[in-house]
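The structure appears below as structure tokens.
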Amino acid sequence: MPEAVPTTADVHAVQRRTVTTLVGTQVLVGVGVSAGAAVGALLAEQTSGSADLAGLGGTFQVLGGALVAIPMAHVMAARGRRWGMLAGYGLGILGAVTIIVAAALRSFPLLLLGTTLFGGANAANSQARYVAADLADEHRRGRDLSIVVWATTVGAVFGPNLAGPGEPVARFLGVPSLAGPYVFSLGGLLLGALVILLRLRPDPLLLARQVEAARATEPLERQHGSVWRGLRTLGAYPGALLGVITMAIGHTVMVSVMVMTPLHMHHGGADLQVIGLVISAHVLGMFAFSPVVGFAVDRWGGRATALAGAAILVAAGVLAAQAPTGWSPGLAVGLFLLGLGWSFTLVSGSTLVVRAVPLSERAGAQGASDLAMGLAAGGGGALAGVVVGQLGYAVLGTLAACLAGAVGVAALLLRPTDLERVSPPPVLPGEVDSEVG
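As numbered in the working numbering, residues 1 to 437 make up the sequence shown, in order.
In structure tokens:
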């Protein structure tokens, strides 16, 4: 018997369930991913014995998330969003265990391996925003996507404050105190994976394909999960290209400054609780206002919102550059604006990619955008440690502000059009066509 065609009511019901599921998962995994954010650089410095290497922990985590995006795109193209996200969370769970063991053994290479695997949780969390857009109405894509980003607020703001409670947990387990928060990371990731396993049904990407097949008058384009094809697809559409540039630069600026701020504060005598509060303010800026950003994207477009994000990030870099070692109100405000500017660039860039790229190219192109975003931020995070070690935190803030200005330049030069949403997929020279799912 032919498969029943989903009605509009069916699609709306699945979309509501999908967004609700993702909201719950983001709260749980937000705790898991951010619990170690306040101590990651400190643990890397303690394990390696060098301040110059302190930024590598966060850098390898970002790079791990970027690399995991490659197999995740293939899994999502072949089997849907649910199994792709579970693969990412599974690697994150393995990474949290490895980090705890590395801290106990004081092994820096093992710590870098653990943070790389832990990046799988970042990759799955990042893809959640695209999952929310698979079945969203055109005029609500920015808002539905941003609601899932916003849901991370609860866990992400709470997570860094587990640095203090993590100390007795670490003592109980007989590991260094800085490893304690990663025990909470492990619990949050396990619960988040369980929610995805049980509730992300039916799969939104597979249902979106079914809906498009029912509407099509001719056979659909084959589904593509190749990230390399996805990179060329992003370059074929001005809107998608602007989106990935906005996300990559915004993420690089945010990661570069954020990963070195705990170290900058610690060297000035700030204790873990104060560091946790400043990182919480930063994370609040990242996620709490994302529904407002999503509304702005739907109302004024991704290009205008990207310009606003660039301006906010420039202001954040300037404030960070002027902050003295330790703690200061200016540093707290700068870190909050750093998170807010990141929110503007992430939501606007993601929506631009979703609107420009055809459904048949979605998994590969979205995986490619996260790969580009992660590799750029990973490189920025690695250089941030060197810049702070050799030139100081003020120079890092100044360089971040200059880099953020490039988003504004890109937004002025690249002009997405509505035609991109209905035009056929681009012909990609040299591409070998293959069936993925």
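Virtual Cβ for every residue (Gly too), placed ideally from N, Cα, C.
Three-state class that DSSP yields for residue i in the structure shown
i, result
"Y237", "coil"
"F172", "helix"
"S328", "coil"
"G180", "helix"
"T7", "coil"
"G166", "helix"
"D144", "helix"
"R415", "coil"
"G36", "coil"
"P71", "helix"
"V347", "helix"
"A136", "coil"
"V227", "helix"
"Q15", "helix"
"R201", "coil"
"P438", "One cannot answer for residue 438 here, as it falls past the ends of the chain, which runs 1 to 437."
"G188", "helix"
"G269", "coil"
Residue environment, residue i, which counts as buried when at least 16 other CB atoms sit within 10 Å
i, result
"V19", "buried"
"L198", "exposed"
"F172", "exposed"
"R209", "buried"
"S369", "buried"
"D137", "exposed"
"P204", "buried"
"A214", "exposed"
"R129", "buried"
"T59", "buried"
"Q61", "buried"
"A13", "exposed"
"L403", "buried"
Alpha-carbon to alpha-carbon, residue j and residue i
i, j, result
"G159", "A35", "4 Å"
"A400", "T252", "8 Å"
"G408", "T116", "31 Å"
"T152", "V395", "31 Å"
"F344", "G243", "11 Å"
"G24", "A124", "14 Å"
"L135", "E167", "43 Å"
"R82", "P202", "9 Å"
"R17", "Q46", "44 Å"
"L272", "G164", "7 Å"
"V195", "H282", "27 Å"
"D10", "L22", "18 Å"
"S226", "V175", "41 Å"
"G349", "A411", "11 Å"
"L186", "P324", "35 Å"
"S328", "W300", "35 Å"
"S48", "L105", "12 Å"
"H264", "Y393", "7 Å"
"G114", "V29", "17 Å"
"Q366", "A77", "11 Å"
"Q127", "R79", "15 Å"
"M254", "A103", "26 Å"
Residues near residue i by beta carbon distance below 8 Å, same chain, minus five either side
i, result
"L319", "G330, L331, V333, G334, L337 and G397"
"G269", "G326"
"L63", "T116, G119, G374, L375 and G378"
"Y89", "V29, G120, A121, A124, L189, G192, A193 and I196"
Close Cβ partners of residue i (< 6 Å) along its chain, the five nearest in sequence each way excluded
i, result
"Y182", "G36, A96, I99 and I100"
"L375", "A66"
"E420", "Note on E420: pLDDT 45, under 50, position unreliable in the model; no value is reported."
"A372", "V244 and A248"
"V388", "M260 and L396"
"S423", "At S423, the pLDDT of 39 sits below 50, so the modelled position is not reliable; the number obtained from the coordinates is stated separately. Excluding sequence neighbours, S423 sits near nothing in its chain."
Delimiting residues of the alpha helix (DSSP H) encompassing residue i
i, result
"N125", "F108 to V131"
"E212", "P204 to R215"
"A310", "G302 to Q322"
"E45", "G40 to S48"
"S280", "L272 to F287"
"D52", "No alpha helix (DSSP H) contains D52, which DSSP labels as neither H nor E."
"D362", "Sequence inspection shows Arg at residue 362; the Asp mentioned does not correspond to that position. R362 to Q390 is the span of the alpha helix (DSSP H), which, as asked, contains R362."
"R81", "R81 to L105"
Cβ-based neighbour list, residue i, same chain, cut-off 7 Å, excluding 5 preceding and 5 following
i, result
"P266", "Reading off the sequence, residue 266 comes out as His, not Pro. Cβ neighbours of H266 beyond the five flanking positions: L42 and I275."
"S290", "S146, V149, W150, S343 and V347"
"D144", "V19, A132, A133 and A136"
"G180", "G166, E167, V169 and A170"
"I312", "L337, L340, G341 and F344"
"G235", "L241"
"V297", "G142, T305, V347, S348 and T351"
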